[in-house]
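Enquirer:
2 protein chains.
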Amino acid sequence: MAEREVDRSVSQTVKAQLALRDQILSGALRPGERISELQAVETTGASRTPVRMALVRLEEEGLLEAIPSGGFMVKAFSERDISDSIELRGTLEGLAARFAAERGVSARELEPLKECLGAIDELLRQVPISVDAFSSYVALNARFHALLTELSRSPPLIRQIDRASALPFASPSGFVMAQSALPEAQQILIIGQEHHRVVIDAIENREGARAEAIMREHARLAVRNLRLALRNRTHLDLLPALALIKTATD
Amino acid sequence: MAEREVDRSVSQTVKAQLALRDQILSGALRPGERISELQAVETTGASRTPVRMALVRLEEEGLLEAIPSGGFMVKAFSERDISDSIELRGTLEGLAARFAAERGVSARELEPLKECLGAIDELLRQVPISVDAFSSYVALNARFHALLTELSRSPPLIRQIDRASALPFASPSGFVMAQSALPEAQQILIIGQEHHRVVIDAIENREGARAEAIMREHARLAVRNLRLALRNRTHLDLLPALALIKTATD
DNA sequence: CCGTCCGCTATTGTATACATAACGTATTCA
DNA sequence: TGAATACGTTATGTATACAATAGCGGACGG
Numbered sequence: 568m569a570e571r572e573v574d575r576s577v578s579q580t581v582k583a584q585l586a587l588r589d590q591i592l593s594g595a596l597r598p599g600e601r602i603s604e605l606q607a608v609e610t611t612g613a614s615r616t617p618v619r620m621a622l623v624r625l626e627e628e629g630l631l632e633a634i635p636s637g638g639f640m641v642k643a644f645s646e647r648d649i650s651d652s653i654e655l656r657g658t659l660e661g662l663a664a665r666f667a668a669e670r671g672v673s674a675r676e677l678e679p680l681k682e683c684l685g686a687i688d689e690l691l692r693q694v695p696i697s698v699d700a701f702s703s704y705v706a707l708n709a710r711f712h713a714l715l716t717e718l719s720r721s722p723p724l725i726r727q728i729d730r731a732s733a734l735p736f737a738s739p740s741g742f743v744m745a746q747s748a749l750p751e752a753q754q755i756l757i758i759g760q761e762h763h764r765v766v767i768d769a770i771e772n773r774e775g776a777r778a779e780a781i782m783r784e785h786a787r788l789a790v791r792n793l794r795l796a797l798r799n800r801t802h803l804d805l806l807p808a809l810a811l812i813k814t815a816t817d
Numbered sequence: 568m569a570e571r572e573v574d575r576s577v578s579q580t581v582k583a584q585l586a587l588r589d590q591i592l593s594g595a596l597r598p599g600e601r602i603s604e605l606q607a608v609e610t611t612g613a614s615r616t617p618v619r620m621a622l623v624r625l626e627e628e629g630l631l632e633a634i635p636s637g638g639f640m641v642k643a644f645s646e647r648d649i650s651d652s653i654e655l656r657g658t659l660e661g662l663a664a665r666f667a668a669e670r671g672v673s674a675r676e677l678e679p680l681k682e683c684l685g686a687i688d689e690l691l692r693q694v695p696i697s698v699d700a701f702s703s704y705v706a707l708n709a710r711f712h713a714l715l716t717e718l719s720r721s722p723p724l725i726r727q728i729d730r731a732s733a734l735p736f737a738s739p740s741g742f743v744m745a746q747s748a749l750p751e752a753q754q755i756l757i758i759g760q761e762h763h764r765v766v767i768d769a770i771e772n773r774e775g776a777r778a779e780a781i782m783r784e785h786a787r788l789a790v791r792n793l794r795l796a797l798r799n800r801t802h803l804d805l806l807p808a809l810a811l812i813k814t815a816t817d
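Residue numbers (our numbering), protein chains in the order written: chain A, 568 to 817; chain B, 568 to 817.
1. By the DSSP assignment, the beta strand (DSSP E) with B/A643 in it spans what residues?
2. I'd like the list of long-range same chain contacts for B/V766, defined as Cβ closer than 8 Å, with 5 residues on each side in sequence excluded.
3. Which residues in chain B sit within 7 Å of A/T716, going by Cβ to Cβ distance?
4. Hey, does A/G629 have any beta-carbon neighbour from chain B nearer than 8 Å?
5. Consider the C-beta atom of A/E689 and the heavy atoms of the ligand MG; say whether any pair is separated by less than 7 Å.
6. When DSSP labels each residue in this structure, what does B/L585 get in the three-state scheme?
7. Would you mind telling me which residues of chain A sit closer than 9 Å to B/M782, beta carbon to beta carbon, in chain order?
8. What residues in its chain sit with their C-beta under 6 Å from that of A/V641, if we drop five residues either side in the sequence?
9. With H, G and I counted as helix, E and B as strand and the rest as coil, what does DSSP make of A/A737?
10. Any contact between the segment 669-688 of chain B and the segment 700-710 of chain B? By contact I mean 3 or more CB pairs, one from each, below 8 Å.
11. Which value, in whole angstroms, describes the spacing of the CA atoms of B/P679 and B/L793?
12. For the segment 603-612 of chain A against the segment 603-619 of chain B, do three or more pairs of beta-carbon atoms, one drawn from each stretch, fall closer than 8 Å, so that the two count as touching?
13. Would you kindly check if the distance between the Cβ of A/R624 and the Cβ of B/E632 is under 8 Å?
14. Apart from the five residues just before and just after A/A586, which ones in its own chain have a Cβ nearer than 6 Å to its Cβ?
15. So with CB distances below 7 Å, who are the chain B contacts of A/Q584?
16. Identify the residues that DSSP records as bridge partners of A/E632: which are they?
17. Among the residues of its own chain, which have a CB less than 6 Å from the CB of B/I602, if the five just before and after it don't count?
18. When the Cα of B/H712 is compared with those of B/I728, B/R619 and B/P723, which residue comes out closest?
19. To the nearest angstrom, how far is the alpha carbon of B/V577 from that of A/R619?
20. Whose CA, out of A/V672, A/P617, A/T580 and A/I649, lies closest to the CA of A/D768?
21. Would you say A/A713 lies against chain B (beta-carbon separation less than 8 Å)?
22. Rounded to whole angstroms, what is the Cα-Cα separation between B/M753 and B/G775?
23. Under 8 Å between C-beta atoms, does B/A731 make it to chain A?
24. Below 8 Å between beta carbons: does that hold for A/L795 and A/E646?
25. Given a cut-off of 8 Å on the beta-carbon distance, is the pair A/H773 and A/A668 in contact?
26. Check distances from the C-beta atoms of the segment 645-676 of chain A to those of chain B and list, in chain order, the residues that come in under 9 Å.
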């Protein structure tokens, strides 16, 4: 295949990984479906070696599952798997918040978080919130959580949280987006923002237990969100990760 | 290289992964040292493709770190990295214990844990405990923790705990072993065993919060253990994982 | 004598060829 | 007619060849 057009700007492995993840999250590959290497080679444009590396990485990431007889399939998740993942992430973020509070954080380090907080406040002033504003919210919320995680100053914990978030459905913000059309959406966002405010306050005052508790509560809110979103199946098309959920009849 | 002797019983990838992990944990490869693929090919007997797959997996496992310019190096950890990892694991196990308690566990499911508990009790009857008994203890303790994790019935959580334990130093039992010569060792084991007993009791009585709290306390005990072990550098040779700790002068 | 630049070498990233195992299909026998 | 076996095809596991890049050493110039 001499006419393969090679993009030298990023490694083929990374390119293949991104392309395959897109295919999985977009639902082009259904849960339980076997991923053919050859087919992946054609759709990603990389050759088999980088494709295989990408498949291994995606397996470690939790999106794929190794088939005993060889090869990989797209992993399928139950609703409980997902709510557990959210609670799991909240627990880890709680630990991060506690570490931050106990180990102390300078005002300078808290600055970016407060900016984030302010930007979200700005967005929430709109009632009802627009779809565009939702997108911004999702990005800002992700940034807030990432910054908070960093404050723990604990590389192993940060790494683990990244992993727990790598399963994209574990990101609470995604579920909120699914509910942008629900009347409860605004309330949920406001409550979530209050949690953000409290955790910063707790960290500033070095109240580790309080910082931890609020992040866990934050996750429980996200779980309630998920349940709500799944009951009211509005805007679910905005949530590609939900393509991974097993249907009840499976 | 036609004379390569191929062991067909396990895949070359797995073989290479195990061999490389051994080399890392045994200290044959020092922290910060770059791993040469070619060299790995020679020492593992696999060819470059499976070796590369193994390297990717070990990176995901946390033992290796990708070098920006290419290749991998052995990751180095600080003492705090390790104590954080222990606390991290304890937090996840706490969540598992809570899930088990809240979701309910049949007497039949608790049976293996109680057997484990009894076997450990048997071992602890020896004073002072022998090195052989320590090895048995380590195995039994690992089994107890694995069984407990399973009780959560939460695949995402079980997976995450496995990952947190994949960094072998995160396994509290390892550190206890390092202290087999310390006078405090016996006490520590007895206290740990008490924690095991309490968590089972809490799960039986469906006290989720208590089950969670005791597992976190258990991890804090392990952290104290680690500190003690590092102060009294006895039997550290029994702890290959400590080869990964950066020395203070690094 | 030191610094810089050029070229070489060694190592990784990528592609592909080969081996092997699994699955599906067709044919045959009971 | 149904089931079992054998064969063929297809896909994965493995090995190796090729390409490109980064790091190092030597040589030349200031």
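C-beta atoms are modelled at their ideal positions from N, C-alpha and C, and glycine is treated no differently.
Expert: In this structure, then:
1. That residue, B/A643, is in no beta strand (DSSP E); it is neither H nor E in DSSP.
2. Non-local beta-carbon contacts of B/V766 in its own chain, meaning distances under 8 Å to residues more than five positions away in sequence, involve A664, L715, A778, I781, M782 and H785 in chain order.
3. Within chain B, no residue has its beta carbon less than 7 Å from that of A/T716; the closest one is some 13 Å off.
4. For A/G629, the nearest beta carbon of chain B is closer than 8 Å to its own beta carbon.
5. Looking for the ligand MG in the displayed structure turns up nothing, as the structure carries no ligands at all.
6. Residue state, collapsed to three classes: helix.
7. In chain A, no part has a C-beta under 9 Å from the C-beta of B/M782; the shortest such distance is about 12 Å.
8. Around A/V641: I591, L596, P598 and E600.
9. Confidence in A/A737 is poor, its pLDDT being 49 and thus under 50, which makes the residue's placement unreliable; the coordinate value appears in the next sentence. Three-state DSSP puts A/A737 in a helix.
10. These segments touch.
11. C-alpha separation (whole angstroms): 28 Å.
12. Proximity of the segment 603-612 of chain A to the segment 603-619 of chain B falls short of the contact definition, fewer than three beta-carbon pairs being nearer than 8 Å.
13. When the beta-carbon positions are compared, B/E632 and A/R624 stay at least 8 Å from each other.
14. Setting aside the 5 residues that flank it on each side, A/A586 is surrounded in the same chain by T611, each with a C-beta closer than 6 Å to its C-beta; the list follows chain order.
15. Within chain B, not a single residue places a beta-carbon under 7 Å from that of A/Q584; the smallest gap is close to 11 Å.
16. According to DSSP, which records beta bridges pairwise, A/E632 is partnered with A/M640.
17. Scanning its chain for C-beta atoms nearer than 6 Å, with the 5 sequence neighbours on each side dropped, one finds around B/I602 the residues F639, in chain order.
18. Measuring from the Cα of B/H712, the nearest candidate turns out to be B/I728.
19. Straight-line Cα distance between these residues: approximately 19 Å.
20. Of the candidates A/V672, A/P617, A/T580 and A/I649, A/V672 places its Cα closest to the Cα of A/D768.
21. No, its Cβ sits nowhere closer than 8 Å to a Cβ of chain B.
22. It is worth fixing the name first, because residue 753 of chain B is Gln in this sequence and not Met. C-alpha separation (whole angstroms): 29 Å.
23. Closer than 8 Å: yes.
24. It is not a contact, given that the beta carbons lie outside the stated cut-off.
25. Inspection of the sequence shows that residue 773 of chain A is occupied by Arg rather than by His. Closer than 8 Å, so yes.
26. Those would be S645, R647, D648, I649, D651, S652, E654, L655, T658, L659, G661, L662 and F666, in chain order.
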